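Last residue of the sequence shown: 206 (this note's numbering), numbering continuous.
Glycine included, each C-beta is placed from N, C-alpha and C at the ideal position.
If you're wondering where the values come from, they're calculated on a predicted model, not measured in any experiment.
Below is one structure; the comments refer to it alone.
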Amino acid sequence: MKIVLLRHGRPEIDLHHRQHEKISAFDIKKIIEDYRWIGLAEPQSIPSQVKLLAAQCNICVTSDVARSIESAQLIVGDNIYKSDSIYREAEMPHPLWQWPRFSMKYWFFLLRCFWYLGYQQNGESVVEVKQNAKIGALQLVEFAEKHSSVLLVGHGINIHFLAKELLALGWLGSNNCATSYWDYNQFVLE
């Protein structure tokens, strides 16, 4: 059996060009809201290895977020087995302060660090994300048992926690984070 965890393609809003812009924590709220439901940028360059892996999977599952669904459609057409909120990106917590102003990159780093330590204001807790990953991993295992191979098109942090859960369930693979668009991790169970 095989499970492939694939990070979605490049989104319409590319936050990388804004990473040094000075913003307040309050500004992050708008960025998160804008980013939450956007689709993919055009055009997309899909790595040939991703296409090959997708062709080897019998079903495709996605989060219910547009960039995940659209990424899957570029690879498998309309052959999406299921789209589920359990595979959504972990919501970034954020305070609503107008001050201080830091670069967006620094805020995201700082808020993710605080998130790992339990901070969850205006977002999901790390405990909730881990619980969702456990449920999602069990669902992926169930799909793999029924269909022998499954491709999940999801999101970076979520993929990280799903990978940890699959490893804990005895699947063989890597827990390397999907840091770039179209990055993937493969897991097998003999």
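With distance defined between alpha-carbon atoms, name the residue in GLU158, ARG104, PHE125 nearest to TRP53.
Here residue 53 corresponds to residue number 37 of the sequence shown, with the count starting at 1. Ranking GLU158, ARG104, PHE125 by Cα distance to TRP53 puts ARG104 first.
Is DSSP giving ASN201 helix, strand or coil here?
One-based indexing of the sequence shown puts residue 201 at position 185. Residue state, collapsed to three classes: strand.
What is the rounded straight-line gap between the Cα of HIS163 and the Cα of CYS129?
The count along the sequence shown starts at 1 and reaches residue 163 at position 147. The count along the sequence shown starts at 1 and reaches residue 129 at position 113. Rounded to the nearest angstrom, the two C-alpha atoms are 38 Å apart.
Which same chain residues end up closer than 8 Å to ALA149 when comparing Cβ atoms and leaving out the 5 residues on each side of it in sequence?
As a position in the sequence shown, residue 149 is number 133, starting the count at 1. For ALA149, where only same-chain residues beyond five positions count, the Cβ hits under 8 Å are ASN174, PHE177, LEU178, LYS180, GLU181.
Beta carbon of HIS33 nearer than 9 Å to that of TRP198
By 1-based counting over the sequence shown, the position of residue 33 is 17. By 1-based counting over the sequence shown, the position of residue 198 is 182. Not in contact: HIS33 and TRP198 (Cβ atoms no closer than 9 Å).
Since CYS76 sits in a beta bridge, which residues does DSSP pair it with?
Here residue 76 refers to the residue found at position 60 when the sequence shown is read from its first residue. LEU167.
Where in the segment 35–122 do unbroken runs of the alpha helix (DSSP H), each at least 4 residues long, occur, reported from the N-terminal end onward?
You should have 41–52, 64–71, 82–92.
To which residues of the same chain is ILE29 closer than 7 Å at the C-beta, ignoring the five residues directly before and after it?
Residue 29 sits at position 13 when you count from the first residue of the sequence shown. Taken in chain order, the residues that qualify are ASP50, TYR51, ILE54.
By alpha-carbon positions, which one of CYS73, MET108, GLU158, SER64 ends up nearest to PHE42?
The residue you call residue 42 lines up with position 26 of the sequence shown. Residue MET108 holds the alpha-carbon nearest to the alpha-carbon of PHE42 among CYS73, MET108, GLU158, SER64.
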